[in-house]
Amino acid sequence: MYFEAPFAVGFFCAFTLAFVSISPSASASASASASEPEPESALIATSPVAVGDARVDSAPKARSAPTLDLAPEDLSPEDRASEDRVPAEELGASGMTSTASVSSISSTASTSRARAIGTHADDGECVDRNRGDACDRRDARDGRERSGEDDDVLLKGLEPMRRAQESTVIGGYGQLDLTSRRVGPRAERFDVRGTVRRLVLFVSHHLTEDVSIYTEFEWENAIACSSCRGSVEVEQVAVDWKLIDSLLTLRGGLVLVPMGIINQWHEPPIFNGVERPSFDEIVIPSTWRELAIGATGRFAEFLSYELYLMTPLDPTGLGPAGLAGARGQGSFASSRTPALSGRIEVEPWLGTIAGASFYASDIGTNGDFFDASGSRSRLRFPIFGYAVDGRYKRRGLEARFVWSQWFMPKAEDLLRARRADGSLWFPNATQTGPVPIRAEGGYVELGYDVLRLFMKSHHVLVVFGRVERYSTQAKVPSAFVRNPSLVVMEYTYGLSYRPIPQLVLKLDTQLRDREKGLDELAVNAGLGFMF
């Protein structure tokens with residue numbers, strides 16, 4: 130049945146063959162690795178970008194290798210101990226905002242560990258090809274590129290060079306999709322469509338050593354108009370003021386709500402699958418941002434935090450399908466009662482990151498509600514959500530999991546609320562499904578770089594599978610009946626080919642299995658990049 134979507138398969142295969150044909154053979158790559166310097170582009174690829182990290186100097190930067198040819202036995206015990214950590218950037222944990230890191234590292238041409246994104250450098254292949262025998266001895270010792278400096282030392286050492294560089298940095302990412310979808314078992318054919326799914330441009334500027342501005346603009350689906358599906362949006366704009374080194378940075382502006390993984394780190398090369406997980410569009414509606422003021426920082430090398438007061442959800446925008454319609458997004462957001470959101474993230478050992486986040490508010494005051502007599506009523510509508518997540522990346526194995534729940538105990542009161550003219554705010558709740566008391570969902574994903582089994586190469590071909598479960602009708606008010614079509618199991622499996630860390634070609638198949646209603650089958654191909 131997959132041959133009904135030949136364009137999607139052909140799209141992926143053509144690009145894959147093109148890149149393989151122009152790339153050195155596995156043996157050539159292996160032999161050249163001892164003499165050829167790492168391309169400068171690999172340095173830029175090291176920091177997948179996210180507002181919360183290097184841009185504000187409150188999170189670990191990619192660490193430079195020592196400039197002297199030292200064998201492992203020549204390093205001090207302290208230096209050797211400091212090498213055993215992997216910065217969060219190698220897992221894509223810096224998302225889309227490590228702009229200062231990109232600027233400083235690429236400008237100084239340091240042999241950064243962060244080059245290892247998308248390669249096997251952390252598993253036995255030295256990425257510093259100018260180090261000769263010393264590099265070989267390090268590889269023989271533990272299969273990873275070594276660094277004799279920890280994050281704090283590197284941060285202080287780069288400050289003078291950073292001040293000497295230009296203070297404005299430009300970057301971005303893009304995603305082009307070809308989707309082939311069939312809805313229902315009796316559909317005669319697949320509906321094949323192509324689109325420029327996303328194009329994002331970000332600009333950051335350091336006003337002083339401690340004060341920086343970050344902006345991010347997004348175009349979706351190529352054309353923005355009243356009758357088409359495209360849009361042009363301000364995704365982020367924030368001012369950061371570093372107060373206490375990496376411990377405390379104040380942040381104000383339009384920021385990403387720190388919930389889950391994808392809402393913060395969503396560049397195409399750092400996640401598998403042509404499209405983002407459906408969970409991250411429904412349960413945690415990415416990309417979710419709000420006007421906020423708060424703090425971010427790092428208590429230790431392995432422990433970071435974010436905490437914000439922000440504009441809340443609009444209760445009148447809630448619905449049976451989730452939170453997406455209630456987001457303020459920085460556009461005339463009702464703000465009578467703020468929301469509190471935060472995240473704590475820990476990197477307990479090599480290649481592992483775990484996070485927990487929350488969102489809480491009483492959003493009832495942010496809507497205009499009336500009773501049946503036309504008198505204004507004060508509605509209390511508390512909402513609380515949490516998410517836990519984890520990521521693992523080591524020796525070609527990739528794993529992710531996320532789980533989130535949202536609680537709205539006063540959903541029935543909201544469903545009975547009225548407008549000033551006496552009509553119900555949610556008149557179709559009995560037909561389409563009610564605002565839920567509880568919504569929940571999550572996914573588990575596993576992947577492996579199969580090229581490691583056959584050759585020694587910087588190319589990466591990840592075979593992955595993901596299972597999602599999400600329901601925006603997990604629990605509904607007793608007077609209403611849930612909509613079973615919004616209870617979904619989704620299965621995605623496919624390939625992610627990365628000839629270089631900044632570029633990815635993707636092919637996947639998705640099956641969306643609803644508890645009741647028409648199932649969906651899709652075959653997708655895509656191209657993604659970041660710079």
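Residue 130 is where the sequence shown starts when you use our numbering, and the numbers rise one by one after that. Idealized CB from N, CA, C, for every residue including glycine.
Query                                                                                                                                                         : Result
Which of the three DSSP states, helix, strand or coil, is assigned to Pro565?                                                                                 : coil
Quick test of your reading: Asn495 and Arg456, contact by CB under 8 Å. State the CB separation rounded to the nearest angstrom.                              : About 12 Å; that fails the 8 Å criterion.
For Phe331, is the classification buried or exposed, using 16 other Cβ atoms within 10 angstroms of its Cβ as the cut-off for buried?                         : buried
Given 8 Å as the limit, is there contact between the segment 573-585 and the segment 535-553, that is, 3 or more CB pairs closer than that?                   : no
Taking the alpha-carbon positions, what's the His335 to Arg326 distance?                                                                                      : 30 Å
Quick one: residues in its chain with C-beta nearer than 7 Å to the C-beta of Thr561, no 5 flanking neighbours on either side, listed in chain order?         : Pro449, Asn612
For Glu569, is the classification buried or exposed, using 16 other Cβ atoms within 10 angstroms of its Cβ as the cut-off for buried?                         : buried
Looking at C-alpha atoms only, which residue of Val564, Ser470, Val384, Arg509 is the closest neighbour of Phe609?                                            : Val564
Report buried or exposed for Lys635, applying the criterion of at least 16 other Cβ atoms within 10 angstroms of its Cβ.                                      : buried
Please state the DSSP three-state secondary structure of Val386.                                                                                              : coil
For Pro511, is the classification buried or exposed, using 16 other Cβ atoms within 10 angstroms of its Cβ as the cut-off for buried?                         : exposed
Inspect the CB distances between the segment 481-494 and the segment 338-356 and report whether three or more fall short of 8 Å.                              : no
Going by the CB atoms, is the gap between Glu597 and Pro406 shorter than 8 Å?                                                                                 : yes
Hey, how far is the Cα of Leu640 from the Cα of Val591?                                                                                                       : 20 Å
Under 8 Å: do the segment 388-402 and the segment 510-530 share three or more Cβ pairs, one atom per stretch?                                                 : yes
Considering only the alpha carbon of each residue, which of Pro397, Phe555, Leu385, Ser533 lies closest to Ala95?                                             : Residue numbering for the chain in the displayed model covers 130 to 660; residue 95 lies beyond these limits and cannot be assessed.
Measure the Cβ-Cβ separation of Glu644 and Val616 and say whether it is below 8 Å.                                                                            : yes
Which whole-angstrom value is the C-beta distance of Met388 and Ser486, which I expect to be below 8 Å?                                                       : 5 Å
Leaving out five residues on either side along the sequence, give the residues of the same chain with a beta carbon under 7 Å from the beta carbon of Ile342. : Ser333, His334, Leu336, Val368
Taking the alpha carbon of Phe499 as the reference point, which residue from Thr297, Leu543, Asp443, Val589 has its own alpha carbon closest?                 : Leu543
Considering only residues of the same chain and omitting the five flanking positions on each side of Gln458, which have a CB-CB separation below 7 Å?         : Arg418
Given Glu619, which residues of its chain have a CB within under 6 Å of its CB, disregarding the five upstream and five downstream residues?                  : Ser407, Glu597, Arg641
Quick check: the Cα distance between Lys371 and Gly381, rounded to an integer number of angstroms?                                                            : 12 Å
Going along the chain, which residues of its own chain have a beta-carbon closer than 6 Å to the beta-carbon of Ala453, five neighbours each way excluded?    : Pro414
Can you have a look at Glu435 and say buried or exposed, based on whether 16 or more other CB atoms are within 10 angstroms of its CB?                        : buried
Apart from the five residues on each side of it in sequence, which residues of its chain come closer than 6 Å, Cβ to Cβ, to Asp320?                           : Arg310
Any idea what DSSP makes of Arg545, helix, strand or coil?                                                                                                    : coil
Mind pulling the alpha helix (DSSP H) runs of 4 or more residues that sit fully within the segment 481-507?                                                   : none
Can you list, in chain order, the stretches of the beta strand (DSSP E) that have 3 or more residues and sit fully within the segment 404-478?                : 418-429, 432-439, 468-475
Short of 6 Å in beta carbon distance, which residues of its chain neighbour Val123, apart from the five on each side in sequence? Order them along the chain. : Given a span of 130 to 660 for the chain in the structure shown, any question on residue 123 remains unanswerable.
Going by DSSP, which residues form a beta bridge with Glu345?                                                                                                 : Phe331, Gln365
Going along the chain, which residues of its own chain have a beta-carbon closer than 7 Å to the beta-carbon of Phe660, five neighbours each way excluded?    : Ile173, Gly300, Gly301, Gln631
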